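Since the structure comes first, as structure tokens, the remarks are kept for the end.
Residue numbers (the working numbering), protein chains in the order written: chain A, 8 to 1227; chain B, 44 to 500.
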């Protein structure tokens, strides 16, 4: 019968049934398909992107039907990179593809919300104070009981709806009151990564800066800043676009899981293999990228530095000493500090210690030259005499350096080693830290020396060979016998014990890497990432990597060098963005703070450090940190002007200015006198005293408490005064800070107002006092760039902001206008005193010759603003005008121009252009100025004021630079001199940017971007002491830490520092494991982790990955509920058990937030924590160095990193019955 | 000869990064609606792993596809039409929701609406089927990246077939990704299983569709499809499946999954085949010969005789030209690097795969030999981290020879191109060793590595 049924089809359908009844073909008559046709239809497609910190910068098509966003797919219209290369299309990832879910999701913040108990008290207070919002706010926050009532309710539900008017009025009142009572530097703003949406970043940053508030750094805070970059290159970070991976002949992925963290770019790696590129992966687990690699080196977590040092050992041995390689020799002589002379300090007993760079000041013939202490010296092969080549820091500033700041060696041939003419040698003591607990030891190795004047000197190269253990006949000391000598650093066999990577493999990869570089002239590349960059000692790990790429001549070469991708650091139109974001068009200087130190102090994490700062010192150090804690060093760095510190003084800066005026003396003089007398102190010397608390924190485009707040429970307890699961003990007497005041009771609830702007609920919004509903990335205009590709492209609204949401630009204008209304009565115009640290790329970098520490408080020198302490700048603030200034481009543009990385631009023409393009503001304090009212105006301003997007400025900047370098540069931008990228251009398609002095690479002629190609090809110096890439750092504190040269330092020993159990211990409480928080496949930090699509494709909630072996130790099976506990907090999650994980290490992928399926913890009886509940901040002293050459502060350029990798935890199976 | 045109796809697994963008864009466009919450027309599986729905490849259990009867004739593995009719009201071999997964959402609104309370508000998982609280215990991608491997990977039906004991040990870890859509088979068993005649193959391009008006929801297609790529919409009571994005294809756009593939690994193109020879090929006695048999059904679109026949069959000239330019034809028949997925199901699948070449030099490394040397690359093929037998069970019914040949070609391409990359004299013996000319090898490199938009689709 069934056959008959089927046969009947032939007669009843308009289809063709095959003879064997096997198949049915049909033509025509397809009304039944309409459903799918309808579903595909749409009214319009709008270009936008995702303002998320992933570096993707992908352009998307957003589909709209009947006024509803339906979905998104990737744009494919990137300009071609050439006929013989793959293309950038399509760019995107599953996270981005799921974004439109947020638009209408139930986690969307649709209206303004205020913490109910606070709003109620505020309303009552307002009615008691004749409707004055400022008095009402004071009434609430200045009363301890009332303050505690709403602060202790943070994070416990109870948000209630408010109107925009009421919510922003209360916020504005809080700002006015705080500025009046405590000072503008008690107000802080946090929004990271301008590149991902520049206008949105600039919105609140502009407001914060104009009111004198403090913008918090992010790149160092995220631990994405590789401190080795300023140390080695004098640059924040500059890296190749992903298209340049294609140019590499050899690629090592080192702690960078490209398919997960560089999803839109990973194809370049996959495809370059087909061009014969060899690919190596170094990863502790079988990570997603290992699938692509020809070799997998599973180095144990945190030991990457040891592998790098051993590879350096092999390269120095085989390619420098045994067989000098002309390409490498020539490169390192010209572009690195290897030939520069270093003075050896006599320790007595026939041993020496590497000291300071020899400078012109040490040479009788140059002693009186301008900036002589900043002109370094090499030995010339031809004359065998010391010479002072062009291009060092001393040439960068001053009259005599004009035309001489370049890398032209002219007819000088610097000696790499002094061993060729002099066999005099001495023993130098070198540090080592390679015991399992990282304890400091040292060893002695010989270097060839010469006497110059009264100084005994050697070269950096000779010191490098000693450090790496590459012996040469005739030199005394302890040298490895061979590669197989496991006892001596840094042989391949030595590293095998540390990393677990076979010695032969380490040696062979090093050899292959160098051989490829030799043959291809520098096309060997290392892609490095958060896996190696988030450790406490990541700067030393990275210096080990950079030694490999620099020794082999790969930096500044297309297809070669470091490729560090952690954080979307490249805001290509940086100059224009910076003017808007920091209000530099109206007021200078802005306040910019290193966020790690800020929270280390203000969340009281410093109180839980039980160890002295000298725990980290080398045995070759001079005991500089003895008796002090990290907090003491932060205070010292601040008062010496090395690093910024806000709040700066223990007094309202307005009051300081008033006092000075009353005393009839300049503010700076008054402050210095007060500091000297001890009547005034730096706030960081007493962070727990109420006048020094941060009072307001505004967060937009960020999720501090769900994502980046290392030491999450410390934040909850001390900053917010909320419930926490903190279990750590405070430092006992004897282990406490010496200079920083200790209060017996640690404050809780320092912050008066936590304001957040977001489009979704996060851990930050649910702890906030006020939540303002933000427009999403499909509902506004903005700009987006990345380091991964060379294009600038746009956000555009697919729909208008729905419900009561507003764009960040709009929201902050609203707040600013309210603020100015209230300020007119309560603040008026006041004088502020801004303390500015010694800045990079300015003559400040010459404040401390030889990097010698001079602490005025210790009586080592006088406090001199701008030399031995911060500059003190009086700034007039007309608070009632802030609203007007927000909306217009200010007059300092024409008056002072713009300055980026030491190059100043005349932007008169751009201002005229913008006045015409955007229209002028009429009336008020900004009368006649170009409008910035709309987000589109801000976009145009950013594009017009940056060299990368305005060819006139790029050319002008290069011409300015040419005067200093004396080399040809402006032709690099000449091909685009007439090009002005407009916002409309970025709406039409991703638009390639213009080669500009704002960055170090050249895109001229359509080549792929690679950093430092301008330095290498045009002999433009790096922004360092020698003007070359540095292997050697001679600052006092670097010597103290034993880090003059690349060195291996193991992960911190948490057992020794904090009495955590030892790794591998199994006890009643579970197994002790290393606790890593790598990036998640299903989210970008905390973004998307709550997205239903991503949750459906993963395990649907917080998970911890562990090895089958560790799981077996504590009876955990896949998907079991587990608890991870250490002194910092408690996490509840489900276990993912897999054999791809190494034994002894668990992964809790980064920023899963606490909002999705997190039960109550057994341990704390509170809601389980997030990934950062088990971490905390630890500050490395060398990151606090400032005021010396490349080790000088710039915002997001240098500062202590918020690293979190060195942590351990105990993990166990918990009851499978969970409650919420 | 009866020339027909078929829209087909090749995925280069060697480039797949396992990102699942294809799954998400497909789901957003097609199955993001009530009744299809659990449905992923496109999914990506981590291998080794169970797949979605779990263990779907175990045809001894699920009885999908075709088999040969004692007389060597093709019959549905799930039984003939009589059996189908007998079980029409209680299909016994249907994957249950448990085999797919119970879809869920969260009570997100509580994050905003929670009153003042003791604990931080949290959104709990709620079943999208029952609306009740649930513990999440399985998903469409549960074993992503070998998650839960100890507990689940041993149930991988492909793994169970290979004789080598694959140890799940850290040092020997391997994995790769397998993105899957409907195969749009030349010999679709879903269509043959449908009692309502609702599943049809479009005559002009071979796309297999379910007629939504005609479908009666018997779900025999779900059982009949060995790839489990027909799904039941529990809201409408009809079967739904991947449509090869025909509304896009018809206006010259690639499928959503292809255009949004950031690994740039999907190719789409037309293939001409001889419809008269499908049955014969699908009835090839030895499973190992099915790959070659299916290739033999494809016609050379540049052969004047084929062009003539195509014209006679009413295939427009631009379609014939498209078939000539087709990257699918090039990858399957010219360079012979693409292989069918489970040819032993005898459905003549039309989504083919280039197997992954994943880390190849481990063993060579241990011998201390030069890992760059092309001869060593070849030697390493036998020592892939991914057991070649595993790939063969996926793509060639267990015959390792064709997989080996593909991997050798890929390895040879890398080796040949390395010389060019470094400016050395190219070595013609390398392509010759894998039966290719230098020009062919370079053209294959262009297609696989440069993979320009215009050449992928």
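Note that the Cβ used here is the ideal one computed from N, Cα and C, for glycine as well.
Note that the coordinates shown come from a computational prediction; the quantities given were computed from them, not determined experimentally.
Inset, instruction - Spell out the partners DSSP gives residue 435 of chain A in its beta bridges. - result: A:359 and A:452
Inset, instruction - Look at residue 348 of chain A and residue 464 of chain A and say whether their C-beta atoms are less than 8 Å apart. - result: yes
Inset, instruction - Report the three-state DSSP secondary structure of residue 158 of chain B (helix, strand or coil). - result: coil
Legend entry - Neighbourhood of residue 353 of chain B by C-beta, 7 Å cutoff - its chain only, sequence neighbours within 5 removed: 46, 315 and 363
Legend entry - Reduced DSSP secondary structure (H/G/I, E/B, other) of residue 407 of chain B: Residue confidence for residue 407 of chain B is low, a pLDDT of 48 falling below 50, so the modelled location carries little weight and cannot support an answer.
Inset, instruction - Would you please verify whether the beta carbon of residue 643 of chain A is less than 8 Å from any beta carbon of chain B? - result: no
Legend entry - Neighbour-count burial assignment, residue 12 of chain A, 16 or more Cβ in a 10 Å radius: Residue placement at residue 12 of chain A cannot be trusted, given a pLDDT of 42 that sits under 50; the coordinates are not used to answer.
Legend entry - Enclosing beta strand (DSSP E) for residue 314 of chain B [first to last residue]: 309 to 317
Inset, instruction - Residues of the stretch 52 to 67 of chain B with a CB closer than 8 Å to any CB of chain A: list them in chain order, please. - result: 57, 58, 60, 61, 62, 63, 64, 66 and 67
Legend entry - Residue from B:500, B:438, B:495 and B:280 whose Cα sits closest to the Cα of residue 100 of chain B: B:438
Inset, instruction - Just grab the DSSP bridge partners of residue 197 of chain A for me. - result: A:706
Inset, instruction - Starting from residue 1149 of chain A, find everything on chain B with Cβ-Cβ shorter than 7 Å and list it in chain order. - result: 213
Legend entry - Where residue 499 of chain B falls, given that 16 or more other Cβ within 10 Å makes a residue buried: buried
Inset, instruction - Look at the Cβ atom of residue 323 of chain A, then the Cβ atom of residue 314 of chain A, and state whether they are nearer than 8 Å. - result: no
Inset, instruction - Indicate whether residue 346 of chain A and residue 422 of chain A have their beta-carbon atoms separated by less than 8 Å. - result: yes
Inset, instruction - Pick helix, strand or coil for residue 123 of chain B, following the three-state DSSP scheme. - result: coil
Inset, instruction - Quick one: which residues of the stretch 72 to 102 of chain A get their C-beta closer than 9 Å to a C-beta of chain B? List them in chain order. - result: 77, 78, 79, 80, 81, 83, 87, 90, 91, 92, 93, 94, 96, 97, 98, 99, 100, 101 and 102
Inset, instruction - Could you pull out every residue in the same chain whose Cβ sits closer than 7 Å to the Cβ of residue 1207 of chain A, ignoring the five residues on either side in sequence? - result: 227, 601, 603, 604, 1186, 1187, 1190 and 1191
Inset, instruction - Look at the Cβ atom of residue 473 of chain A, then the Cβ atom of residue 459 of chain A, and state whether they are nearer than 8 Å. - result: no
Inset, instruction - Report all residues from its chain with a CB closer than 7 Å to the CB of residue 720 of chain A; omit the five preceding and five following residues, and keep chain order. - result: 731, 732, 733, 1135, 1136, 1176 and 1180
Legend entry - Residues near residue 358 of chain B by beta carbon distance below 7 Å, same chain, minus five either side: 46 and 48
Inset, instruction - Have a look at B:285, B:154 and B:63 and flag the residue whose alpha-carbon is nearest the alpha-carbon of residue 1160 of chain A. - result: B:154
Inset, instruction - Return the residue from the list A:1133, A:434 and A:1198 that minimises the CA-CA distance to residue 1183 of chain A. - result: A:1133
Inset, instruction - Determine, using beta carbons only, whether residue 491 of chain B comes closer than 8 Å to chain A. - result: yes
Legend entry - Test: residue 85 of chain B CB closer than 8 Å to a CB of chain A: no
Inset, instruction - Indicate whether the contact test is met: 3 or more Cβ pairs, each with one atom in the stretch 317 to 335 of chain B and one in the stretch 90 to 106 of chain B, closer than 8 Å. - result: no
Inset, instruction - Using a Cβ cut-off of 8 Å (strictly closer), state whether residue 105 of chain A contacts chain B. - result: yes
Legend entry - Neighbourhood of residue 83 of chain A by C-beta distance below 6 Å, restricted to the same chain and skipping five residues each side: 96 and 97
Inset, instruction - Verify whether the separation of the beta carbon atoms of residue 623 of chain A and residue 213 of chain A is less than 8 Å. - result: no
Legend entry - Cα-Cα separation, residue 189 of chain A to residue 181 of chain A: 11 Å
Inset, instruction - With a threshold of 16 other CB atoms inside 10 Å of the CB of residue 865 of chain A, please say whether the residue is buried or exposed. - result: exposed
Legend entry - Check whether residue 157 of chain A and residue 122 of chain A have beta carbons under 8 Å apart: yes
Inset, instruction - Report yes or no: do three or more beta-carbon pairs, one from the stretch 921 to 930 of chain A and one from the stretch 556 to 564 of chain A, lie closer than 8 Å? - result: no
Inset, instruction - Taking 8 Å as the cut-off, decide whether the C-beta atoms of residue 1005 of chain A and residue 954 of chain A are in contact. - result: yes
Legend entry - chain B contact for residue 112 of chain A (CB, 8 Å cutoff): yes
Inset, instruction - Quick one: which unbroken alpha helix (DSSP H) runs of 4-plus residues sit fully inside the stretch 237 to 298 of chain B? Chain order, please. - result: 263 to 267 and 289 to 292
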